[in-house]
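A.B. asks: Below is a structure I'd like to ask you about.
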Amino acid sequence: MIQVEELKRKHDQNDNTACGTTFPAIGMTYIRWGRTVCPGNGTDLVYRGYMAGSAFNQTGNGPTNLCLPEDPTWAKYEDGTPNGDIKAHVYGTEYEIGYGGTFTPFLSSITERDVPCAFCRTTRSSSIMIPGRTNCYPGWTAEYSGYLVSMLHVHAAPTEYVCLDGNPESIEGGETSLNGHLIYLVDVICGALRCPPYVNGRELACVVCSK
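FYI, in our numbering the residues of the sequence shown are 2 to 212.
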C-alpha cells in the first residue's frame with residue numbers, strides 16, 4: 002500500500018517538472034506591469050510580454066488585463082474576418098499617463114508608448130497587491146511598488162485595477178498613438194470613501210507583496 006507521504010512526493014515531483022522547468026515545491030505567480038524583468042529577490046521570470054485588453058471605446062470583450070507572451074504559438078486559426086466580425090477583440094496597451102499635460106510621477110515621458118509586462122514566480126507561497134500603500138505590512142516582502150492604474154472613468158470599457166511599476170519601461174518601436182487599450186492613474190474620490198485618511202483627487206500608490 003502506497004503511503005500518504007509517497008503520494009505527496011510524487012504529486013510535488015509532477016508539479017515541479019511541468020513544462021520541463023524545475024521550481025521549488027512552493028511558490029506564487031504575479032505580473033509585474035510596466036516592466037520586462039522580475040525584481041530578483043527570490044523570483045524567476047516565467048515569460049515577458051505585452052500588456053493587452055479591451056479597447057477603450059468598446060463595451061464588450063473581457064474586463065481583465067492580459068500579459069500576452071512576446072513569443073506566441075498558434076493552434077487552429079482563421080486570418081481576417083471573412084464571415085464578419087463575430088469575435089471578441091484584444092488590443093495592445095498604451096500609457097496615457099501625462100496625456101495633455103496632466104500630472105505624471107515619472108522622470109521621463111511614457112505617454113502614448115506601449116506597455117510591457119513580466120510574468121514572475123516567487124518562491125514565497127502568497128502574493129497580494131495592496132492599493133493605497135507604498136510599502137508592505139510587517140512580515141511581507143515587497144516585490145515592487147508603483148501606482149494604481151485602470152481605464153479612464155468615462156470610457157465604455159471597464160477594466161480591473163492593476164499596479165503599474167514605479168519605474169516603468171516601454172516597448173521599443175511602440176511610440177505611435179493607436180488608442181486601443183489605455184491605462185491612466187487612479188484618483189481618490191471622497192464620499193463613501195473616508196477622507197481623511199484618503200485625500201480627494203490624490204493619485205493612489207500600490208505595492209505587490211509576498212510571503
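Glycine residues also receive a C-beta, built at the ideal position from the N, C-alpha and C atoms.
Keep in mind the model is a prediction, meaning the values are calculated, not measured.
Tell me whether the beta-carbon of Ile184 lies closer than 8 Å to the beta-carbon of Val150.
C.D. replies: Against a cut-off of 8 Å, the Cβ pair of Val150 and Ile184 comes out as a contact.
A.B. asks: What are the start and end residues of the beta strand (DSSP E) that includes Val200?
C.D. replies: Here Val200 belongs to no beta strand (DSSP E), and DSSP marks it neither H nor E.
A.B. asks: Compute the distance between the beta-carbons of Ala176 and Glu113, then report whether it is under 8 Å.
C.D. replies: Residue identity check: residue 176 is Glu in the sequence provided, not Ala. It is a contact, given that the beta carbons lie within the stated cut-off.
A.B. asks: Taking Ile131 as the reference, which of Asp45, Ala206, Leu46, Thr30 has the closest Cα?
C.D. replies: Ala206
A.B. asks: Go ahead and pull the three-state DSSP assignment for Tyr96.
C.D. replies: strand
A.B. asks: Using only the alpha-carbon positions, how far apart do Val200 and Gly192 sit?
C.D. replies: 11 Å
A.B. asks: By Cβ distance below 6 Å, which residues in the same chain neighbour Ile27 in space, the five residues on each side in sequence not counted?
C.D. replies: Ser126
A.B. asks: Should Thr74 be labelled buried (16 or more other beta-carbon atoms within 10 Å of its own) or exposed?
C.D. replies: exposed
A.B. asks: Under a three-way DSSP split, which group does Gly147 fall into?
C.D. replies: strand
A.B. asks: Out of Thr103, Ser109, Ser178, Ser171, which one is the CA nearest neighbour of Val187?
C.D. replies: Thr103
A.B. asks: Below 8 Å on the Cβ atoms is my guess for Thr213 versus Cys210; work out the distance and round it to an integer in Å.
C.D. replies: Residue 213 lies beyond the stretch modelled for the chain, which goes from 2 to 212, so this question has no answer here.
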